[in-house]
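Residue numbers (our numbering), protein chains in the order written: chain A, 27 to 139; chain B, 74 to 187. Ideal Cβ placement from N, Cα and C applies to all residues, glycine included. What follows is a short report on a single structure.
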Amino acid sequence: DTGVSQDPRHKITKRGQNVTFRCDPISEHNRLYWYRQTLGQGPEFLTYFQNEAQLEKSRLLSDRFSAERPKGSFSTLEIQRTEQGDSAMYLCASTPPEKLVQYFGPGTRLLVL
Amino acid sequence: AQTVTQSQPEMSVQEAETVTLSCTYDTSESDYYLFWYKQPPSRQMILVIRQEAYKQQNATENRFSVNFQKAAKSFSLKISDSQLGDAAMYFCASQTPRAQKLVFGQGTRLTINP
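Okay, structure coming up:
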């Protein structure tokens with residue numbers, strides 16, 4: 027069990043560019059969550075998947091954001107036309123079947139210049 | 074809708090002493106779970122302790138215990154025999170089986186003084 031992994035760990039981009047983050051959950055975890063955490067705040071829910079189905083999206087997830095989990099394993103989160111307000115830590119978490127506890131990855135820290 | 078409030082932005086404690094972090098929550102659901110997560114500097118979030126709302130007995134994990142007051146919607150975390158490695162941001166969170174997502178408080182930064 028290698029834990030939840032996220033790639034990249036850090037990303038610096040210019041305003042207007044597109045970025046994509048990847049999350050690999052713990053093996054056989056069927057639910058996967060994305061959260062956003064700004065400095066000094068608690069994480070805020072963005073979206074979650076059960077297997078490949080995206081079951082809930084937060085109103086924070088504007089139309090510039092899209093998330094996928096094509097084969098029910100890894101997930102990607104894409105932000106198009108980044109804005110400075112997108113600068114944050116993006117956290118991924120996963121949960122095994124029939125359990126509630128979420129296991130978090132190390133996060134991807136995004137800085138939009 | 075669920076809300077979680079942590080009213081202590083920062084706390085400090087002497088090494089080996091006991092500290093209590095406060096958390097209040099609000100939910101309209103009868104079935105829910107409460108958690109305390111720890112986020113050390115530049116490290117990932119890890120679960121400290123969890124409490125099922127239907128259980129009256131307070132959860133305990135080694136030096137960590139909770140005081141769950143359901144009627145008051147209060148869920149405080151007590152850390153006994155504080156250690157330097159306990160220094161971190163602590164987040165209180167709630168979750169319902171129906172909504173699945175975690176709702177976090179604003180966090181409390183805990184400093185351990187040697």
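Any chain B beta carbon closer than 8 Å to glutamate 78 of chain A: It does not; no Cβ of chain B falls within 8 Å.
Own chain residues within Cβ distance below 7 Å of aspartate 1 of chain A, not counting five before or after: Residue coverage of chain A in this structure runs from 27 to 139, which leaves residue 1 of chain A outside it and unanswerable.
Local Cβ density within 10 Å of serine 155 of chain B, reported as buried at 16 or more and exposed below that: Residue environment for serine 155 of chain B: buried (at least 16 other C-beta atoms within 10 angstroms of its C-beta).
Within-8 Å CB hit, leucine 94 of chain B to chain A: Leucine 94 of chain B does not count as touching chain A.
Of the residues A/Pro123, A/Glu78, A/Glu109, A/Lys97, the one placed nearest serine 88 of chain A, counting alpha carbons only: The shortest Cα separation from serine 88 of chain A among A/Pro123, A/Glu78, A/Glu109, A/Lys97 belongs to A/Glu109.
Cβ distance (whole Å) where threonine 169 of chain B is taken to contact threonine 100 of chain B below 8 Å: Confirmed, Cβ separation roughly 7 Å.
Three-state secondary structure (DSSP) of aspartate 112 of chain A: Reduced to three states, the DSSP call for aspartate 112 of chain A is helix.
Contact list for glutamine 128 of chain A against chain B, beta-carbon separation under 7 Å: Listed along chain B, the residues sitting closer than 7 Å to glutamine 128 of chain A by beta-carbon distance are Leu175.
Residue burial classification, glutamine 112 of chain B (beta-carbon count within 10 angstroms, cutoff 16): Using a 10 angstroms sphere on the CB of glutamine 112 of chain B, the tally of other CB atoms reaches 16 or more, which defines it as buried.
Cβ-Cβ distance between glutamine 87 of chain B and glutamate 82 of chain A below 8 Å: The answer is no: Cβ separation not under 8 Å.
Close Cβ partners of threonine 102 of chain A (< 6 Å) along its chain, the five nearest in sequence each way excluded: Within the same chain, threonine 102 of chain A has close Cβ partners Thr46, Arg48, Glu94.
8 Å Cβ cutoff met for tyrosine 59 of chain A and alanine 119 of chain A: In this structure, tyrosine 59 of chain A places its C-beta atom within 8 Å of the C-beta atom of alanine 119 of chain A.
Bridge partner(s) assigned by DSSP for isoleucine 38 of chain A: In DSSP, isoleucine 38 of chain A forms a bridge with A/Leu137.
Threonine 78 of chain B: first and last residue of the uninterrupted beta strand (DSSP E) it sits in: Looking at the DSSP string, the run of the beta strand (DSSP E) that includes threonine 78 of chain B is 76-78.
Simplified DSSP state of aspartate 89 of chain A, which is helix, strand or coil: The answer is coil: DSSP assigns aspartate 89 of chain A none of H, G, I, E or B.
Neighbouring residues, chain B, relative to proline 69 of chain A (Cβ below 8 Å): Result: Met118, Phe164, Leu175, Phe177.
Sequence-distant residues of the same chain with beta carbon closer than 7 Å to glycine 42 of chain A, five excluded per side: If you ignore the 5 residues before and after glycine 42 of chain A, its C-beta comes within less than 7 Å of the C-beta of Arg107, Thr108, all in its own chain and listed in chain order.
For aspartate 159 of chain B, three-class secondary structure by DSSP: Correct three-state label for aspartate 159 of chain B: helix.
Enclosing beta strand (DSSP E) for isoleucine 185 of chain B [first to last residue]: In this chain, the beta strand (DSSP E) harbouring isoleucine 185 of chain B covers 181-186.
Start-to-end residues for the beta strand (DSSP E) that takes in cysteine 49 of chain A: Looking at the DSSP string, the run of the beta strand (DSSP E) that includes cysteine 49 of chain A is 45-50.
Cβ-Cβ distance between serine 95 of chain B and glutamine 81 of chain B below 8 Å: Against a cut-off of 8 Å, the Cβ pair of glutamine 81 of chain B and serine 95 of chain B comes out as a contact.
Residue nearest to serine 99 of chain A in terms of C-alpha spacing, selected from A/Glu124, A/Phe91, A/Tyr129, A/Pro51: For serine 99 of chain A, the closest of A/Glu124, A/Phe91, A/Tyr129, A/Pro51 by C-alpha to C-alpha distance is A/Pro51.
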